[in-house]
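See structure below.
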Amino acid sequence: MNDFAAGVIRWIVRLAVVAVGVVFFLSLLAVAALLAVVWGARALWARVTGRPVTPWAMRMDPRTGWSTVYRSTARWSAAPGGRPVADGPAEPAVRSRELPGAREVTDVQARDVS
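40 is the number of the first residue of the sequence shown in the numbering used here; add one for each residue after it.
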């Protein structure tokens with residue numbers, strides 16, 4: 040009886056997975072069909088009105104992207120010559136301070152490994 044119940048549950052799970060896959064495929068197919076109908080209606084309307092069919096494309100010029108990035112570097116870059124931008128007393132940055140215990144470190148002489 041245990042094997043029969045396990046077999047039935049296995050088949051039910053398989054059927055559920057196949058049903059979910061079929062529903063997903065049919066929904067994608069419906070979206071593609073709807074897109075094709077809209078595209079065809081658009082082409083038909085263009086033919087009826089005598090206008091050329093303009094393609095659905097993202098209008099992007101690569102030069103505008105480059106100039107946008109190039110202009111934004113002023114915001115993220117340091118001032119020329121490493122000088123601070125603001126006029127005032129320059130405080131040392133947190134990274135330029137000496138670490139605690141740095142004066143207690145002794146140099147180690149390298150030796151040959153024999």
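Glycine is no exception: its CB is placed at the ideal position from the N, C-alpha and C atoms.
No experiment lies behind these values; they were computed from the predicted model shown.
For residue j and residue i, the rounded distance between their alpha carbons
i           : j           : result
residue 52  : residue 111 : 54 Å
residue 65  : residue 49  : 24 Å
residue 42  : residue 62  : 30 Å
residue 141 : residue 147 : 14 Å
residue 59  : residue 105 : 45 Å
residue 103 : residue 96  : 17 Å
residue 153 : residue 137 : 37 Å
Contact belief for residue i with residue j at Cβ below 8 Å, rounded distance in angstroms
i          : j          : result
residue 91 : residue 85 : 7 Å
Nearest residue (CA-CA) to residue i, options the options
i          : options            : result
residue 94 : 79, 149, 88 and 87 : 79
For this session: Tell me the start and end of each unbroken alpha helix (DSSP H) in the stretch 73 to 98 that is at least 4 residues and wholly inside, in chain order.
Result: none
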